[in-house]
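Novice:
Protein chains in written order, with my numbering: chain A, 958 to 1109; chain B, 5 to 195.
#1: Which two residues bound the contiguous alpha helix (DSSP H) that contains residue 146(B)?
#2: Looking at residue 1105(A) and residue 1028(A), is the spacing between their C-beta atoms short of 9 Å?
#3: Which one or two residues does DSSP pair with residue 1032(A) in a beta bridge?
#4: List the whole-angstrom C-beta distance separating residue 38(B) from residue 175(B), where the pair is believed to meet the contact cut-off of C-beta under 8 Å.
#5: Answer with buried or exposed for residue 67(B), where buried requires no fewer than 16 other C-beta atoms within 10 angstroms of its C-beta.
#6: For the segment 1039-1065 of chain A, list every residue whose C-beta sits within 9 Å of some C-beta in chain B, in sequence order.
#7: With which residues is residue 85(B) paired in a DSSP beta bridge?
#8: To the nearest angstrom, report how far apart residue 69(B) and residue 1000(A) are at their CA atoms.
#9: Nearest to residue 1(B) by CA position, among 139(B), 132(B), 137(B), 122(B), is which residue?
#10: Taking 8 Å as the limit between beta carbons, can you name the residues of its chain near residue 169(B), skipping five residues before and five after?
#11: Cα separation between residue 112(B) and residue 71(B)?
#12: Give a yes or no on whether the C-beta atoms belonging to residue 989(A) and residue 1052(A) are separated by under 9 Å.
#13: Quick one, are the C-beta atoms of residue 194(B) and residue 46(B) less than 9 Å apart?
#14: Smallest Cα separation from residue 107(B): which of 92(B), 99(B), 56(B), 128(B)?
#15: Out of 43(B), 51(B), 55(B), 50(B), which has the shortest C-alpha to C-alpha gap to residue 191(B)?
#16: Mind listing, in chain order, the continuous alpha helix (DSSP H) runs of no fewer than 4 residues lying wholly within the segment 50-109 of chain B?
#17: Counting contacts by CB-CB distance shorter than 9 Å, is residue 54(B) in contact with chain A?
#18: Can you grab the Cα-Cα spacing for the pair residue 132(B) / residue 50(B), in whole Å?
#19: So what's residue 26(B) in DSSP terms, helix, strand or just coil?
#20: Answer with yes or no whether the minimum CB distance from residue 120(B) to chain A is below 9 Å.
#21: What did DSSP end up calling residue 180(B) once you bin it into helix, strand or coil?
#22: Figure out for me which residue from 1014(A), 980(A), 995(A), 1016(A) has the closest Cα to the Cα of residue 1008(A).
#23: Could you give the uninterrupted runs of the beta strand (DSSP E) lying entirely in the segment 1005-1076 of chain A, keeping only those of 3 residues or more?
#24: According to DSSP, residue 159(B) sits in a beta bridge with which residue or residues?
#25: State the Cα-Cα distance for the pair residue 3(B) and residue 52(B), rounded to the nearest angstrom.
#26: Could you give the first and the last residue of the continuous alpha helix (DSSP H) run that contains residue 1096(A)?
#27: For residue 1037(A) and chain B, any beta-carbon pair shorter than 9 Å?
#28: When the Cα of residue 1074(A) is compared with those of 998(A), 1005(A), 1011(A), which residue comes out closest?
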């Protein structure tokens, strides 16, 4: 009887731990949001691409890339990294808003800050594109790329 | 006795909490927004841009590309056709309010005036696209723009000044087919 009770207690503790871990993981994933990319071609045989990656994986993935590879980023792009990071950090502090909206005939482009992410929507006769990148991810990736400075 | 004291303490704490909650919250400074709206009625093209000035203030110092460094643009990179911008500004500032440049031709009329701390340029085209362009720049903004070294335009200072100034339309262009409007206010949308 006592052995059974001890077994139940251990199982309860393990289940509790699992629950807490799942909740913590869920909280972290929710906090970072997800990188979403959707491309739909408006033709009968058109391609349809859907990508959904938890944003929390981006900083982890960036840590796995060797510095030598990150240093290969063209200098022209590298010069914009501090600005990209600053923009992402500051955009997180302002309320949701539409940054750019362009309408030209049947084509529409909209870039907005929504729920902590930079969201780009393009709708045209040929295709629909939706990209959503959490600003936390932008900050984290830009910071990592900045840290891998070329020598000298 | 102890129970009475505890009850009293709880009551005092509750009252203090209620009093604090009833105080008006310290209002954070409202975000100011730069809006740009371009509409072409002929092609149907519409462009709308909303920029939070706070974000611009933080991003500008981080941009280091050719002409723009630390929120400043080297004037030598801009074609000024030999005109000394500062000297021109000082000359205009010393004038009384009024219209001091008027150019009238068959096709267009250009007027430059100084009114209540603003430098206002207006161009009206009688033929062709029938443009009506009004640019209104506060002297305070020009001062901020020229607050850097003699050979540079201080864009960052100008953005900070825009953040301090009141709601204002700075550029207004209307023509037969196109309209452009640049303004600053406290609304994040254009409606």
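Glycine included, every Cβ here is placed at the ideal spot set by N, Cα and C.
Specialist: Checking against the coordinates, here is how it stands:
#1: Note, residue 146(B): alpha helix (DSSP H), 143-149.
#2: A contact, by the Cβ cut-off of 9 Å.
#3: Note: residue 1032(A) is not bridge-paired with any residue in the DSSP secondary-structure output.
#4: Contact doesn't hold; Cβ gap of about 11 Å is too wide.
#5: Residue 67(B) is buried by the Cβ-count criterion.
#6: For the segment 1039-1065 of chain A, residues whose beta-carbon sits nearer than 9 Å to a beta-carbon of chain B comprise 1039, 1040, 1041, 1042, 1043, 1044, 1046, 1047, 1048, 1050, 1051, 1052, 1053, 1054, 1055, 1056, 1057, 1058, 1059, 1060, 1061, 1062.
#7: Partner(s): none; residue 85(B) has no beta bridge.
#8: Cα to Cα, residue 69(B) sits roughly 41 Å from residue 1000(A).
#9: Outside the displayed span of chain B (5 to 195) sits residue 1(B), for which this structure offers no information.
#10: For residue 169(B), where only same-chain residues beyond five positions count, the Cβ hits under 8 Å are 142, 144, 145, 188.
#11: If you take the alpha carbons of residue 112(B) and residue 71(B), they lie about 34 Å apart.
#12: No, the pair does not count as a contact, with Cβ atoms beyond the cut-off.
#13: Cβ distance not < 9 Å, so residue 194(B) and residue 46(B) don't count as in contact.
#14: The shortest C-alpha separation from residue 107(B) is found at 128(B).
#15: That would be 55(B), whose Cα lies nearest to the Cα of residue 191(B).
#16: Runs of the alpha helix (DSSP H) inside the segment 50-109 of chain B: 57-63, 89-97.
#17: So, interface residue.
#18: Between the alpha carbons of residue 132(B) and residue 50(B) lies a gap of roughly 22 Å.
#19: Note on residue 26(B): pLDDT 43, under 50, position unreliable in the model; no value is reported.
#20: No, its Cβ sits nowhere closer than 9 Å to a Cβ of chain A.
#21: When secondary structure is reduced to three states using DSSP, residue 180(B) falls in the coil class, being assigned neither helix nor strand.
#22: Residue nearest to residue 1008(A) within the set 1014(A), 980(A), 995(A), 1016(A) is 995(A) (criterion: CA-CA distance).
#23: 1005-1011, 1054-1061, 1064-1071, all fully within the segment 1005-1076 of chain A.
#24: Beta-bridge pairing links residue 159(B) to no other residue.
#25: Any question about residue 3(B) goes unanswered here, given that chain B covers just 5 to 195.
#26: In this chain, the alpha helix (DSSP H) harbouring residue 1096(A) covers 1092-1104.
#27: True, the Cβ-Cβ gap to chain B drops below 9 Å.
#28: Ranking the options by Cα distance to residue 1074(A), first place goes to 1011(A).
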